[in-house]
Amino acid sequence: MRIAVEGCCHDELEIIYDVLEHIQHVEDTKIDLLLMCGDFEATRNPDDLMCMAVPAKYRDMKYFYKYYKGEKKAPILTIVIGGNHEASNYMQELPYGGWLAPNIYYLGYAGIVNVGGLRIGGISGIYKGCDYHKGHFEKPPYTDSAMRSCYHTRSLEVFRLKQVYKDVDIMLSHDWPLHAVQAGNKEQLCRYKPHFRDEIMQNTLGSPAAQEVLTHIKPKYWFSAHLHCKYSAVIKHRGKGEDKITKFLALDKCLPKRSFLQVLDLPSSMEPPYKIQLDAEWLVILKNTNHLLNITDSARYMPGVGCKERYDFKVKDAEITKLLEDFGGDLTLPENFQITAHPYDGTSDKRKGRQPMCRVNPQTTLLCQMLGITDPFAVFCGQSNEENPEEINIDSETSDGTQDTSEPEDAGTTTAESDVETVSQESQSIDDSMHDTTSSEQFPTFMHSQSIDENFLHDEASSSNCVEQSTPSRDSCAMDTTKSDQSPIKLSPMMLPSPKVGFDSSCNELSDVPNIQIRKRCSDDGPSKPSNMDVGLDNAGKISNDPVKKFKRRNLAVYSILTNEKTEDSESEPT
1 MRIAVEGCCH DELEIIYDVL EHIQHVEDTK IDLLLMCGDF EATRNPDDLM
51 CMAVPAKYRD MKYFYKYYKG EKKAPILTIV IGGNHEASNY MQELPYGGWL
101 APNIYYLGYA GIVNVGGLRI GGISGIYKGC DYHKGHFEKP PYTDSAMRSC
151 YHTRSLEVFR LKQVYKDVDI MLSHDWPLHA VQAGNKEQLC RYKPHFRDEI
201 MQNTLGSPAA QEVLTHIKPK YWFSAHLHCK YSAVIKHRGK GEDKITKFLA
251 LDKCLPKRSF LQVLDLPSSM EPPYKIQLDA EWLVILKNTN HLLNITDSAR
301 YMPGVGCKER YDFKVKDAEI TKLLEDFGGD LTLPENFQIT AHPYDGTSDK
351 RKGRQPMCRV NPQTTLLCQM LGITDPFAVF CGQSNEENPE EINIDSETSD
401 GTQDTSEPED AGTTTAESDV ETVSQESQSI DDSMHDTTSS EQFPTFMHSQ
451 SIDENFLHDE ASSSNCVEQS TPSRDSCAMD TTKSDQSPIK LSPMMLPSPK
501 VGFDSSCNEL SDVPNIQIRK RCSDDGPSKP SNMDVGLDNA GKISNDPVKK
551 FKRRNLAVYS ILTNEKTEDS ESEPT
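For what it's worth, the UniProt record's numbering labels the leading residue of the sequence shown as 1, then goes sequentially.
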């Protein structure tokens, strides 16, 4: 089986395929498979360009859209992974893999497939420690930060790959495994890339996540890209009774006179034409670890030794047999590519794009239904029974931490389109500081909560928010996403953050804002007299028993000043 491996693509598809056709013509041979190691840039239209984390001057519609809309077809079966320059909105539609275009297959965040009897795996993205233990919480339209964090490798994918025990022939990653550079000619690399020297000497050049996978899987070949240079090494695996090696090769990006392509021959147990087949062991791992999925921006550590829950998901033969029965004994990947976005017409202004909303891809929907696993984008779009962690109503709790079961004003409404009880956003009166869901220190992180968000439905459809949430177990290392389909939508009690300095829990009121009298303060002498912030004042400045409107903290200072000025003016006026 003749396999071509390419480094960083950067949407130079036509050039790469032309080079391969030239090689086939000159050598009078046929290349059966093309592997690409990231930075694929599957931009379908100008909207996708806006979801790429690159400077504006590098956003360009090149060739992929032609293959996407069917103007051209990839002449060679192609398998790709993601890097750090991608149309992330499109890649995230296919978290478990899928066809990006006819004959071009994406492995997802991580994945393993079979082609011609060879097991080929890959892990997308690059390593960043600050996001490694977070969930895949990003969705379009992205913030600047989310546009970059969405391609950072997560611990869940590494954990899943470490459950693989059957031999893997080829692994792909975008950035290099951490210790791969130490097994090759470091001095030659330093001469070609002198700015790598410090990292090489400190042994910090590369990905610790990819290194974990390399150490566990020990594939025959490992291909990478990212650093825009060619580098080879032979990695020896030490252990009891082990005599395995991994041939590592990193390749450059597609430019003239650069080493961006390598062709190799590997023995195959099958005859061409070759088809992609799903891997039974990998599918069982996806199914068994679905409960570990995290789609929040909080850190969730994978289970391990000493944890009360299961941490070893080594696949059993009986599980593979059951999976094959569910798939009818045939794991051949169906060619079910569908166009889900308007492709670029080739003439309109490339700069007029804007970030789209997230979409659910039918390929992912089908796989999730077959395996009974969660599609993150379906959760975000309100098309899943799982809970959306972003739709959490924190107004249903009283100041003493108990559940407020009273019906808020204007809270319950029923629309003709959906018999779902909704909570009006206008009835929410919460402190802005507590509404910051990005800070895990200020506010606890919750698990998936079911919701219907109008931002992710069709523009013409009316929608509202409904929430269900639950809190994770303290002795659980991972998130539990299971819930009864028959359970009603309700609000569960939440844990509040620890009180700050100046807060007395018996008083149930904030008192950490200096020089502002806030409703009442607690002291040894008992509660103080009510202030103007606690009761109402009529137009004459007299105390009124009418209920007082609650203000957000940011309004307290202004309200206090205005109230004090009004009181002073009324006292100074002659009777």
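Backbone N, C-alpha and C define an ideal beta-carbon position, used for all residues, glycine too.
- A direct Cα-Cα distance of roughly 33 Å separates Gly111 from Lys350.
- A buried status is given to Tyr96, since no fewer than 16 other beta-carbon atoms sit within 10 Å of its beta-carbon.
- For a cut-off of 8 Å, the C-beta gap from Gly83 to Asp39 is around 4 Å, short enough to register as a contact.
- In this structure, Val213 sits away from Met270, with a CB-CB distance that is not shorter than 9 Å.
- Here the C-alpha atom of His22 lies approximately 47 Å from the C-alpha atom of Met302.
- If the five residues before and after Ser348 are omitted, its C-beta is found closer than 8 Å to the C-beta atoms of Pro46, all from its own chain and listed in chain order.
- Under the three-pair Cβ rule at 8 Å, the stretch 73-80 counts as touching the stretch 29-36.
- Straight-line measurement puts the Cα of Asp345 at about 42 Å from the Cα of Gln211.
- Here the stretch 54-61 does not lie against the stretch 329-342, with fewer than 3 beta-carbon pairs under 8 Å apart.
- Arg119 sits away from Asp252, with the two beta carbons spaced by 9 Å or more.
- Between Ser207 and Cys37, the C-beta spacing is not below 9 Å.
- The stretch 239-258 makes no contact with the stretch 193-205, as fewer than three CB pairs between them are under 8 Å.
- When the five nearest sequence neighbours on each side are left out, the beta carbons in the same chain lying within less than 6 Å of the beta carbon of Gly122 are those of Ile81, Leu107 and Leu172, in order along the chain.
- Straight across, the Cα-Cα distance linking Cys381 with Gln277 is about 29 Å.
- Asp18: member of the alpha helix (DSSP H) spanning Leu13 to Glu27, first to last residue.
- In terms of Cα proximity to Phe313, the closest of Ser298, Leu324 and Leu292 is Leu292.
- Looking at the DSSP output, Asn114 shares a beta bridge with Arg119 and Gln277.
- For Arg2, the enclosing beta strand (DSSP E) starts and ends at Arg2 to Glu6.
- In this model, Thr374 and Lys308 are separated by some 24 Å (Cα to Cα).
- Here Val181 carries a helix assignment [DSSP, helix/strand/coil].
- Apart from the 5 residues on each side of it in sequence, Leu323 sits with its Cβ closer than 7 Å to the Cβ of Ala280, Leu283 and Val284 in its chain, given in chain order.
- Cys254 is a Cβ neighbour of Gly7, given a cutoff of 9 Å.
- The continuous beta strand (DSSP E) containing Phe248 extends over residues Lys244 to Ala250.
- Bridge partners of His237 according to DSSP: Lys244.
- Taking C-beta atoms under 8 Å as the contact rule, Ala250 and Lys220 fail to qualify, at a distance of about 16 Å.
- Annotation for Asp265: the continuous beta strand (DSSP E) segment containing it runs Leu261 to Asp265.
- Taking Glu41 as reference, the option from Phe64, Val115 and Gln92 with the minimal CA-CA separation is Phe64.
- Of Glu138, Ile104, Gly125 and Asn290, the smallest CA-CA separation from Arg160 is found for Asn290.
- Taking C-beta atoms under 8 Å as the contact rule, Val168 and Arg2 fail to qualify, at a distance of about 20 Å.
- By the Cβ-count criterion, Tyr67 is buried, with 16 or more other Cβ atoms from all chains shown falling within 10 Å of its own Cβ.
- Cα atoms of Glu93 and Asn185: separation of roughly 40 Å, rounded to the nearest angstrom.
- In this structure Tyr165 is exposed. Its beta-carbon is surrounded by fewer than 16 other beta-carbon atoms within 10 angstroms.
- Here Lys275 has Thr332 as same chain residues with Cβ atoms under 6 Å from its own Cβ, once five neighbours each way along the sequence are excluded.
- Exclusion of the five residues before and after Leu371 leaves Leu283, Leu286 and Lys287 as the residues of its chain whose Cβ lies within less than 7 Å of its Cβ.
- Between the alpha carbons of His133 and Asn294 lies a gap of roughly 9 Å.
- Counted as a single uninterrupted DSSP element, the stretch harbouring Ser124 is not any beta strand (DSSP E), since DSSP gives it neither H nor E.
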